[in-house]
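Yeah, the sequence shown ends on 262 if you go by this note's numbering, and it's all consecutive.
Glycine is no exception: its CB is placed at the ideal position from the N, C-alpha and C atoms.
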Amino acid sequence: MKQASAKIIENRQILESFSRTRRRNILSSWLIWLRCPEIAREARPGQFVMVCCGGELILPRPFSIHQVNDDQIALCYAVWEDGKGTNWLAQCQIGDAVEIFGPLGNGFSILPTSGNLLLAAGGIGIAPLHFLAQEALRRDCSVTLLLGAATAAQLYPKPLLPSGIKLVMATEDGTKGKQSMITDLVPDFTSWADQVFACGPMPMYRNMAVQKQRLKLAGKPVQISLEVRMGCGLGVCYGCTVKTKNGLKQVCKDGPVFDLDDILWEEPGNLKVRNSSFLL
Ligand SMILES: Cc1cc2nc3c(=O)[nH]c(=O)nc-3n(C[C@H](O)[C@H](O)[C@H](O)COP(=O)(O)OP(=O)(O)OC[C@H]3O[C@@H](n4cnc5c(N)ncnc54)[C@H](O)[C@@H]3O)c2cc1C
Ligand code: FES
């Protein structure tokens, strides 16, 4: 883990505002490139960094490493209407320095025997999967990405995706791709896939866990990236603890990537209401 004063190379809006009934509104989604050679060198797909979001904020905020290019890393982030840190980050200018530390967490693992990888991204859940797709292509794996959002305007821009993947899109309102949740597309690819990787809202994971038979996921290795509120990101505050079949785990240290089967989805209070950002 390295600490860096990372200079901003680029910070641009990639998606518009998104109003949602009964859920937190997203003002916009952004892509930021940061020069931080020490972190870029060590980063693996599925890991994250903690960003000190300036101003009066004491706690740093976690963001998945979205891409790596030489000595730079990219983050892809949603700016929440009531989000102090993400609003601050979106105000930062090229040339500003941002204090960050990482890479943190375990990251995804591609099995040496896996040739066909199915990636399922719900909304901003594309954040860690982009880097994973690039790594998989580098290893000559075939990658199918299921990309979902509530509506077409909220779909991550296709030109920003790595070339060489097979892309299948779905929107809840049918404005682009198939009108469905991305989990509904999963069964079409499960016999092809050697491994499944998902990043999205907690209901998506629950759905995958509870409906494994229907989704034809039984017996398939499925890795998910959990998003919970974090205090320190370093395994110190225990604010990110979740209940798993192997006991209590800290998402920042033991995760954020877990096997879908390891999480106790039916345990009352486990992961309750902590699940907001990766919402469709
Ligand atoms: C490992 C990991 C990786 C992440 N990667 C990304 C990423 O790549 N891109 C991205 O956009 N986001 C990502 N997130 C989520 C991101 O950290 C939060 O959206 C961010 O911290 C919000 O900060 P904020 O200061 O803008 O909001 P805050 O001011 O902290 O919060 C605003 C309001 O939202 C609530 N809130 C904030 N975060 C959460 C939460 N996680 N669950 C429930 N309620 C919450 C607060 O209680 C408050 O009411 C990740 C989270 C984790 C744990
Ligand atoms: S965020 Fe502090 S222990 Fe995980």
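DSSP bridge partner residues for residue i (one or two, in chain order)
i	result
Lys160	Ala152
Thr226	Gly229 and Ile245
Met190	Met190 pairs with nothing; no bridge assigned.
Gln205	Phe179 and Asp241
Ser(-13)	Glu81
Leu13	Arg(-6) and Cys58
Asn51	Gln54
Leu100	Thr126 and Val178
Pro144	The partner list for Pro144 (beta bridge, DSSP) is empty, contrary to what the question assumes.
Met32	Pro44 and Phe83
Phe0	Ile8
Rounded Cβ spacing between residue i and residue j (contact assumed at less than 8 angstroms)
i	j	result
Leu13	Arg(-6)	6 angstroms
Gly87	Gly217	About 10 angstroms separates the two Cβ atoms, so there is no contact after all.
Gly84	Leu39	Not confirmed; about 17 angstroms, so no contact.
Gly97	Cys123	6 angstroms
Met212	Gly221	6 angstroms
Gln177	Leu93	6 angstroms
Leu253	Val210	7 angstroms
Distance between residue j and residue i (C-alpha atoms, nearest Å)
i	j	result
Ala152	Lys227	32 angstroms
Phe171	Glu24	32 angstroms
Met186	Phe240	15 angstroms
Asp243	Asn189	12 angstroms
Pro250	Gln75	43 angstroms
Ser258	Arg43	Residue confidence for Ser258 is low, a pLDDT of 44 falling below 50, so the modelled location carries little weight; the figure read from the coordinates is stated next. Cα to Cα, the separation comes out at about 14 angstroms.
Glu(-2)	Gln232	33 angstroms
Gln73	Ile(-10)	12 angstroms
Ala132	Ala60	14 angstroms
Arg120	Cys34	32 angstroms
Arg256	Asp64	Low confidence applies here, because Arg256 scores a pLDDT of 47, under 50, leaving its location unreliable; read the following figure in that light. Going from the Cα of Arg256 to the Cα of Asp64 covers about 15 angstroms.
Leu9	Leu137	15 angstroms
Ile47	Gln195	32 angstroms
Phe0	Asp155	14 angstroms
Pro183	Val125	21 angstroms
Gln54	Phe30	14 angstroms
Ser207	Ser91	12 angstroms
Gly215	Thr95	32 angstroms
Cys219	Leu230	14 angstroms
Trp247	Lys225	9 angstroms
Asp78	Ser162	41 angstroms
Ala56	Met32	13 angstroms
Cβ-Cβ distance between residue i and residue j below 8 angstroms
i	j	result
Gly28	Pro110	yes
Glu117	Ser(-13)	no
Lys158	Leu167	no
Gly36	Trp62	no
Gly89	Arg26	yes
Leu100	Ala175	yes
Gln103	Leu142	In the sequence as displayed, the identity of residue 103 is Ala instead of Gln. No. Outside cutoff.
Leu127	Ala135	no
Leu149	Pro169	no
Considering only heavy atoms of ligand 2, list every residue whose Cβ is less than 7 angstroms from one of them, following chain order.
-> Met212, Gly213, Cys214, Gly215, Leu216, Gly217, Val218, Cys219, Tyr220, Gly221, Cys222, Gln232, Val233, Cys234 and Lys235
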